[in-house]
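Undergrad:
Protein chains in written order, with our numbering: chain A, 158 to 326; chain B, 4 to 134.
#1: In whole angstroms, give me the CA-to-CA distance for residue 252(A) and residue 10(B).
#2: Against chain A, which members of the stretch 102-116 of chain B pass a CB distance test of less than 8 Å?
#3: Checking contacts by CB at 7 Å: is residue 90(B) closer than that to chain A?
#4: Alpha carbon to alpha carbon, how far is residue 199(A) from residue 131(B)?
#5: Looking at the C-beta of residue 198(A), does it have a partner C-beta in chain B at a distance below 7 Å?
#6: Enumerate in chain order the residues of its own chain whose CB-to-CB distance from residue 209(A) is below 7 Å, with the five nearest sequence positions on each side excluded.
#7: Ignore the nearest five residues each way along the sequence and tell me which others in residue 22(B)'s own chain have a CB closer than 8 Å to its CB.
#8: If the criterion is Cβ atoms closer than 7 Å, does the pair residue 43(B) and residue 30(B) meet it?
#9: Consult DSSP for residue 66(B) and reduce its assignment to one of helix, strand or coil.
#10: For the alpha helix (DSSP H) that contains residue 267(A), what are its first and last residues?
#11: Tell me the rounded alpha-carbon separation between residue 57(B) and residue 94(B).
#12: Select from 113(B), 50(B) and 117(B) the residue whose C-alpha is nearest the C-alpha of residue 99(B).
#13: Could you tell me which uninterrupted beta strand (DSSP E) segments, each at least 3 residues in length, are contained entirely in the stretch 29-112 of chain B, listed from first to last along the chain?
#14: Applying a beta-carbon distance threshold of less than 9 Å, which residues of chain B neighbour residue 170(A)?
#15: Using a C-beta cutoff of 7 Å, does residue 234(A) count as contacting chain B?
#16: Per DSSP, residue 361(A) is paired with what?
#17: Measure the CB-CB distance between residue 203(A) and residue 220(A) and report whether it falls below 7 Å.
#18: Taking C-beta pairs closer than 7 Å, name the residues in chain B that residue 255(A) reaches, listed in chain order.
#19: Just reading off the beta strand (DSSP E) that residue 242(A) is part of, what are its end residues?
#20: Between residue 263(A) and chain B, is the shortest Cβ-Cβ distance under 7 Å, so that the two count as touching?
#21: Check the Cβ-Cβ distances between residue 167(A) and every residue of chain B, and say whether any is below 7 Å.
#22: Kindly indicate which three-state DSSP category residue 197(A) falls into: helix, strand or coil?
#23: Can you pull the chain B residues whose beta carbon is under 9 Å from the beta carbon of residue 259(A), in chain order?
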């Protein structure tokens, strides 16, 4: 039996992955991936596949549906049944007639030289106490403010200008 | 019996979308629905062009040394860009950005082809997003 030249990663139809998928060589996704796909080589999103993922690979061929940003270091191809909603950054792009693509497009060597910053949120444990101020800032001068005690106003109190008024209207 | 001429061309009005059949030799026509004039010629940009709009029922071709800085480029049959374009590009056909082409602006088209080396920077709406 002849050996395969490259090992292909295949996510079959009906399989759904949540998280990060990394591959080398080539990968073919026929199911679904939610999260992130990173790889070196060719990535094919097959017809019927649905991915909600940020994709980064050398060559990306989309036949199915993708929601997420795509970075193709060499070439991005959208076939006639492809649907892509997200921003693309690629060296070259081919979108066949019938394909749907909505998003910002950065194509060319410049685009790859300055790829858009990926928005990542880092969740860190909450600090117990506030960070110390730097030395140059010196000690923070704080003044304790305490409200002045207010004297209770008697219920029958009248202002001074009413003192002269007597009798009823 | 009336026989339809074989050499006919069908163009789509870029104002109202009405499809008009006309002779192949026609270079301009008035839309029978919206009564507005239509340009049928291909527009070829060989030098620097700046203005409000480049609109035609044919194609817009920006050649290698061409530079089009306009607000809007609308070509129903397609756009070929080998030069530099700063405009909002829309087409009912293929927008082809060659290896030396550069587009800075939004693109709305049925199909998009960008060769290796092409530069595109803008929001793209390709295909039929309603589907």
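Idealized CB from N, CA, C, for every residue including glycine.
TA: Reading off the structure:
#1: 31 Å
#2: 105, 110, 113, 114, 115 and 116
#3: no
#4: 27 Å
#5: no
#6: 191, 224 and 225
#7: 13, 14, 15 and 16
#8: yes
#9: coil
#10: 266-270
#11: 11 Å
#12: 117(B)
#13: 31-33, 40-42, 46-48, 51-59, 62-65, 70-78, 81-84, 87-94, 97-100, 105-107 and 110-112
#14: Neighbours of residue 170(A) on chain B: none; closest Cβ ~22 Å, over 9 Å.
#15: no
#16: Residue 361(A) is absent from the structure shown; chain A starts at 158 and stops at 326.
#17: yes
#18: 130
#19: 240-242
#20: yes
#21: no
#22: strand
#23: 126, 127, 128, 129, 130 and 132
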